[in-house]
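Worksheet for the structure shown next.
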Amino acid sequence: MVNPLPDDYPRISTYLCVDGAADAIDFYTRVLGFTESRRMTFAGRIGHCELRLGDSLIMLSDEWPEEGVVGPNTLGGTPVSMTVNVEDCDATLAAALAAGATELRPPEDQFYGDRAGQFLDPWGHKWSVHTHIEDVDDEELDRRAAAMMGGG
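For our numbering, count along the sequence shown from 1 and bump the result up by 10.
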């Protein structure tokens, strides 16, 4: 019997559309450490690619405007941000900027125990890179959040 929930795929994964998938794949593997596990090319365009990082999976394709499949640069932006936990968010953000990304937020220590920064990749996707620097219990997290919002 076929497993309706394949063991080698997470329950939730992200599918990105980009204008220039080959370059995006190179960026995501070099900058964020993804490993390419599958690529299918149709009519000179990447129709499907799978990139893995630990137990995570993102899939992506080139734009197919004739099918209504377009990325954030064509749409004029995105409200979505992806978060990647990395060993050194400062170094990862610097590598992203060197590879053509735009800094949205420089790395800073956050009240919840991570150091985090954010960038916009050349294809219009937002990425937050986080490095865990402190374990914060729920009570302390609530206290810090209230203080940050002016309530404590």
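We treat Cβ as the ideally placed atom computed from N, Cα and C, and that holds for glycine. Every value quoted in this text rests on a predicted model; they were computed, and no experiment measured them.
Would His135 pass as a contact of Val41 if the rule is Cβ separation under 9 Å? no
Within the segment 37–88, ranges of the beta strand (DSSP E) (whole runs, at least 3 residues): 45–52, 55–63 and 66–72
Nearest-angstrom beta carbon gap, Phe44 and Leu61 [assumed within contact, 8 Å]: 4 Å
Rounded to whole angstroms, what is the Cα-Cα separation between Thr93 and Ala105? 16 Å
For the alpha helix (DSSP H) containing Arg21, name the first residue and the last one. Neither: Arg21 is in no alpha helix (DSSP H) and is coded neither H nor E.
Would you check if the distance between the CB atom of Asp124 and the CB atom of His142 is smaller than 9 Å? yes
Taking Gly86 and Glu73 to be in contact with their CB atoms under 8 Å, please state how far apart those CB atoms are, rounded to whole angstroms. So it is not a contact: roughly 14 Å between Cβ atoms.
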